[in-house]
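Heads up, the thing below is written out as structure tokens.
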Amino acid sequence: MNKHGLGVGSAMGILAGMVFAAPLTATAANLDSIDAYYVADSTLELKSGGASAESEEGDGFGVKLTLMLGEHVFLSGLYQSTDVEDIGGAGSGVRGSTDDTRIGLGYNTSLPIYAFVEYINYDVEVNGGSLGSASNSETGFGAHVGARFDLATYFTLDARAGYLDIGDADGFEYLAGIGLDLDRNFGLFADYRVVELDGDNDAEQNTQDVRAGFRFRF
């Protein structure tokens, strides 16, 4: 059984609370957008057999797309690459990198709620120090439900929870973000994403990303 900081029930409760507690001026956000962003802080934590190692610093970049194919159906895509340093402590010399590629199909309801499923290709590489070099490439899927609101004309709030099954690991992903619309098409956004995966033999891989960038709405 997976053990995570947040359960599915808690995440669904948060999403439901956002829907019914939002001001009457809140409306479902337009999902048609492309985001180009910088990963300002990325943390990679690896656990196995009771031992754990966490990176000291990391960053990266990415791009994500949501494209409406009709009134309700949409296409989603993401590519993100990150590099982390000093896994296991400052001066360890152990470096890591991840590449996350996703493409999916979703449904946007008449409420500010959407859901989607996606194909995932996830690559991770660790090298340096006494560990030598190790890499792994896995594929899998994700299923997510989220809520996105336009508030007070200029602001967008986004919250999402999902289940991931990648290779021999599975777990949950959570995201919370805010957007600022500069005009009808251009804006800024920032979000925080957590991925918690459990594998065989008590292995765990957790990542936390703080991301910020530019948004273009179609």
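Each step along the sequence shown adds one to the number in UniProt numbering, with nothing skipped, and position 218 is 218.
For glycine and all other residues, C-beta sits at the position ideal for the given N, C-alpha and C.
Quick one: what's got a C-beta closer than 7 Å to Phe203's C-beta in the same chain, skipping five residues either side?
As a first step, residue 203 is located in the sequence shown; it is residue number 203 there, counting from the start. Inspection of the sequence shows that residue 203 is occupied by Ala rather than by Phe. Closer than 7 Å at Cβ, skipping near neighbours: Lys47 and Ser48.
Where does the unbroken beta strand (DSSP E) through Leu111 begin, and where does it stop?
Translated into the one-based positions of the sequence shown, residue 111 becomes position 111. Leu111 -> no beta strand (DSSP E), and no H or E assigned at all.
Compare the C-alpha of Ile103 against each of Ala90, Glu118 and Ala159 and name the closest.
Residue numbering aside, residue 103 sits at position 103 when the sequence shown is read from its first letter. The shortest C-alpha separation from Ile103 is found at Glu118.
Any heavy atom of the ligand SAM inside 8 Å of the beta-carbon of Gly77?
Within the structure as shown, the ligand SAM is missing, as the structure has no ligands at all.
Taking only the alpha-carbon atoms, compute the straight-line gap between Glu54 and Glu196 and give it to the nearest angstrom.
Here residue 54 corresponds to residue number 54 of the sequence shown, with the count starting at 1. Here residue 196 corresponds to residue number 196 of the sequence shown, with the count starting at 1. Roughly 14 Å between the two C-alpha positions.
Would you check if there are 3 or more beta carbon pairs closer than 8 Å linking the region 120-128 to the region 136-146?
Output reads yes: the region 136-146 touches the region 120-128.
To the nearest whole angstrom, what separates the beta carbons of Gly142 and Tyr163, a pair I think is in contact under 8 Å?
Stepping through the sequence shown from its first residue, residue 142 is reached at position 142. Stepping through the sequence shown from its first residue, residue 163 is reached at position 163. That belief holds up - the Cβ atoms of Gly142 and Tyr163 are roughly 7 Å apart, short of 8 Å.
Could you please give the first and the last residue of the uninterrupted beta strand (DSSP E) stretch that includes Ser137?
Numbered from its first residue, the sequence shown carries residue 137 at position 137. Looking at the DSSP string, the run of the beta strand (DSSP E) that includes Ser137 is Ser133 to Leu151.
According to DSSP, is Gly60 helix, strand or coil?
For the purposes of this step, residue 60 is taken as residue 60 along the sequence shown, with counting starting at 1. Reduced to three states, the DSSP call for Gly60 is strand.
Spatial neighbours of Ala36 within its chain, please: C-beta separation below 6 Å, excluding the five flanking residues on both sides.
By 1-based counting over the sequence shown, the position of residue 36 is 36. Excluding sequence neighbours, Ala36 sits near Val63, Gly213 and Phe214.
Taking the CB atoms as reference points, tell me whether Ala176 and Asp191 lie closer together than 9 Å.
Counted from its first residue, the sequence shown places residue 176 at position 176. Counted from its first residue, the sequence shown places residue 191 at position 191. It is a contact, given that the beta carbons lie within the stated cut-off.
How about Gly70 and Val39: do their beta carbons lie closer than 9 Å?
On the sequence shown, position 70 is the one that residue 70 refers to. On the sequence shown, position 39 is the one that residue 39 refers to. No, the pair does not count as a contact, with Cβ atoms beyond the cut-off.
Excluding the five sequence neighbours on either side, which residues of its own chain have a C-beta within less than 6 Å of the C-beta of Ser97, listed in chain order?
Your numbering for residue 97 matches position 97 in the sequence shown. If we look at Ser97 and ignore the five residues flanking it on each side, its Cβ neighbours are Asp83 and Glu125.
Could you check whether Phe74 and Tyr114 sit closer than 9 Å to each other, using their CB atoms as the reference points?
Along the sequence shown, one-based indexing puts residue 114 at 114. Along the sequence shown, one-based indexing puts residue 74 at 74. It is a contact, given that the beta carbons lie within the stated cut-off.
How is Leu121 classed by DSSP in three states: helix, strand or coil?
Position 121 of the sequence shown holds residue 121. Note that residue 121 is Asn in the sequence shown here, rather than Leu. Strand at Asn121.
Determine, using beta carbons only, whether Ser110 comes closer than 9 Å to chain B.
Reference to chain B is not applicable here, since this structure consists of a single protein chain.
Per DSSP, what kind of secondary structure is Phe218 in: helix, strand or coil?
Numbered from its first residue, the sequence shown carries residue 218 at position 218. Coil at Phe218, not helix or strand.
Just how far apart, CA to CA, sit Phe189 and Ala152?
Taking the first residue of the sequence shown as position 1, residue 189 is located at position 189. Taking the first residue of the sequence shown as position 1, residue 152 is located at position 152. Going from the Cα of Phe189 to the Cα of Ala152 covers about 16 Å.
In this structure, what does DSSP give as the bridge partners for Asn206?
Working through the sequence shown from its first residue, we reach residue 206 at position 206. Answer is Glu45 and Glu196, bridged to Asn206.
Could you tell me which of Gly88, Asp158, Gly179 and Asp165 sits nearest to Ala51, measuring between CA atoms?
For the purposes of this step, residue 51 is identified with residue 51 of the sequence shown, where counting begins at 1. The candidate whose alpha carbon is nearest that of Ala51 is Gly88.
Please check the pair Gly93 and Gly128, which I expect to be a contact at CB under 8 Å, by giving their CB distance rounded to whole angstroms.
Here the question's residue 93 lines up with position 93 in the sequence shown. Here the question's residue 128 lines up with position 128 in the sequence shown. Gly93 to Gly128, Cβ: 5 Å. Contact.
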